[in-house]
Amino acid sequence: MTKVEVSFKHLPTTAISDATGGHTNLRSDIKPLADHFKIAGRAITVRLPDGENGAVLEAIRAANKGDILVIDAKGNRNRAVAGDFVISLAKGIGVQGFVVDGVIRDIAAIRELDFPVFSLGTTVAAGNKNGGGQVNVPIAIGGVTVQPGDYIIGDVDGVLVVPQEDAEHIVVAAEAKVEKDEVRAQEAHSKGKESILAYLDKVLAK
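For the sequence shown, position 17 matches number 17 in the UniProt record's numbering, and the numbering has no gaps at all.
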C-alpha cells in the first residue's frame with residue numbers, strides 16, 4: 001500500500017469530500033453491505049453491458065493486491081455482477097473491495113467472507129456471461145467519471161473518487177480539515193454551555 005493509500009485509509013470520507021468540494025461523491029444509494037467496511041485504493045474499472053458480468057472475472061485476473069473493482073453495471077438491480085464464489089476469488093487474489101453500480105447476490109456468504117462490497121443492494125438472479133464487457137476503460141458510476149488508477153475511498157458515509165493526479169494535495173487538504181475540526185470541537189466544548197453559545201453566535205453572524 002502506497003503512502004497516499006495509507007493516508008486515505010485513515011481519513012474519513014467526510015473530510016476527503018470537503019477537500020474535493022464534494023464533486024466526486026458517488027450517489028448515496030451505493031452503500032456498504034456492513035457498516036465497518038472501509039476501502040482506499042486504486043480503481044480497476046469494469047464496464048458491463050446490461051445484465052452481464054463476464055468481464056468481472058477478467059478484471060480480477062488483471063488486478064494487483066489492494067486494487068478495488070469499480071463496476072459500471074448500468075444500475076441494473078435484476079442481475080448480480082457477482083456472488084460469493086467470484087468474491088472469494090477476488091479476495092484470494094488480494095482485491096480490496098468492490099464498488100458496484102448494480103447488485104450482488106449470496107449476501108450472507110459474502111458477509112462471512114468479510115469482504116467490502118458497496119452496491120445498490122442484492123438480488124437472487126445471476127448475471128449473464130455472453131461477453132462484451134470492458135476492463136480498465138473510463139466509466140461512469142454513481143454519477144461520477146472514474147479513470148483506471150483513480151483512488152476510490154469508501155466507508156459507512158459513502159464512496160468518493162479522487163483523480164490520481166489530485167491525490168497528494170487532496171490528502172493534505174483533508175488532513176488539514178480533520179485537524180481544524182478537532183480544534184473547533186475542543187474550543188466549542190472547552191468551557192461548556194457558554195463556549196458553545198459563543199461559537200454558535202460566531203457562526204450565525206457570518
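Beta carbons are placed, not taken as given, at the ideal position from N, Cα and C, and that holds for glycine.
Outcome for residue 42 when other beta-carbon atoms lying within 10 angstroms are tallied against a minimum of 16: By 1-based counting over the sequence shown, the position of residue 42 is 42. Taking every protein chain shown into account, the CB of residue 42 has 16 or more other CB atoms within 10 angstroms, so this residue is buried.
Measuring CB atoms only, is the stretch 154-172 touching the stretch 76-93, in the sense that at least three cross pairs come out at less than 8 Å? Because the criterion of three Cβ pairs below 8 Å is not met, the stretch 154-172 and the stretch 76-93 do not touch.
Can you give me the C-alpha to C-alpha distance between residue 33 and residue 109, rounded to a whole angstrom? For the purposes of this step, residue 33 is taken as the residue at position 33 of the sequence shown. For the purposes of this step, residue 109 is taken as the residue at position 109 of the sequence shown. Approximately 12 Å, taken between the alpha carbons.
Which of helix, strand or coil DSSP assigns to residue 72: Numbered from 1 along the sequence shown, position 72 holds the residue referred to as residue 72. Look at residue 72 here: in three-state DSSP terms it is strand.
Beta-carbon proximity check, residue 9 vs residue 38, cutoff 8 Å: For the purposes of this step, residue 9 is taken as the residue at position 9 of the sequence shown. For the purposes of this step, residue 38 is taken as the residue at position 38 of the sequence shown. Yes, they are a contact pair.
Helix, strand or coil for residue 59? Go by DSSP, reduced to three states. As a first step, residue 59 must be located in the sequence shown, where it is residue number 59. DSSP places residue 59 in the helix class (H, G or I) of the three-state scheme.
As an exercise, report each continuous beta strand (DSSP E) stretch of at least 3 residues that is fully enclosed by the stretch 151-183, in chain order. 151-155, 158-162, all fully within the stretch 151-183.
Give the secondary structure of residue 16 by DSSP, where H, G and I count as helix, E and B as strand, and everything else as coil. Counted from its first residue, the sequence shown places residue 16 at position 16. Reduced to three states, the DSSP call for residue 16 is helix.
Would you report the Cα separation of residue 40 and residue 16, rounded to the nearest angstrom? For the purposes of this step, residue 40 is taken as residue 40 along the sequence shown, with counting starting at 1. For the purposes of this step, residue 16 is taken as residue 16 along the sequence shown, with counting starting at 1. Cα to Cα, residue 40 sits roughly 11 Å from residue 16.
DSSP on residue 198, reduced to helix/strand/coil? Sequence index remark: in the sequence shown, residue 198 carries index 198 (1-based). Here residue 198 sits in helix by DSSP.
Could you give the DSSP three-state label for residue 30: helix, strand or coil? Here the question's residue 30 lines up with position 30 in the sequence shown. Note: residue 30 maps to coil in three-state DSSP.
Is residue 186 buried or exposed, if buried means 16 or more other CB atoms sit within 10 Å of its CB? The residue labelled residue 186 in the question sits at position 186 within the sequence shown. Its Cβ having fewer than 16 others within 10 Å, residue 186 is exposed.
When the Cα atoms are used, what is the spatial distance from residue 163 to residue 194? Here residue 163 refers to the residue found at position 163 of the sequence shown. Here residue 194 refers to the residue found at position 194 of the sequence shown. A straight line joining the alpha-carbon of residue 163 with that of residue 194 spans about 43 Å.
Taking the beta strand (DSSP E) that residue 119 falls in, what are its first and last residues? Numbered from 1 along the sequence shown, position 119 holds the residue referred to as residue 119. According to the DSSP assignment, residue 119 belongs to the beta strand (DSSP E) that extends over 117-119.
Have a look at residue 92 and residue 62 and give me their C-alpha separation to the nearest angstrom. To locate residue 92, count along the sequence shown from 1; it is residue 92. To locate residue 62, count along the sequence shown from 1; it is residue 62. Those two C-alpha atoms are separated by around 13 Å.
Going by DSSP, what residue range makes up the alpha helix (DSSP H) through residue 41? As a first step, residue 41 must be located in the sequence shown, where it is residue number 41. Not the alpha helix (DSSP H): residue 41 falls in the beta strand (DSSP E), residues 39-47.
Those runs of the alpha helix (DSSP H) which lie wholly inside the stretch 90-120 and span at least 4 residues: Runs of the alpha helix (DSSP H) lying entirely within the stretch 90-120 and spanning at least 4 residues, in chain order: 107-113.
Residue closest to residue 127, alpha-carbon to alpha-carbon, out of 103, 29, 149: Numbered from its first residue, the sequence shown carries residue 127 at position 127. It is 103.
Distance between beta carbons of residue 13 and residue 160, contact taken as under 8 Å: Locating residue 160 in the sequence shown gives position 160, counting from the first residue. Locating residue 13 in the sequence shown gives position 13, counting from the first residue. Right, their Cβ atoms sit about 6 Å apart.
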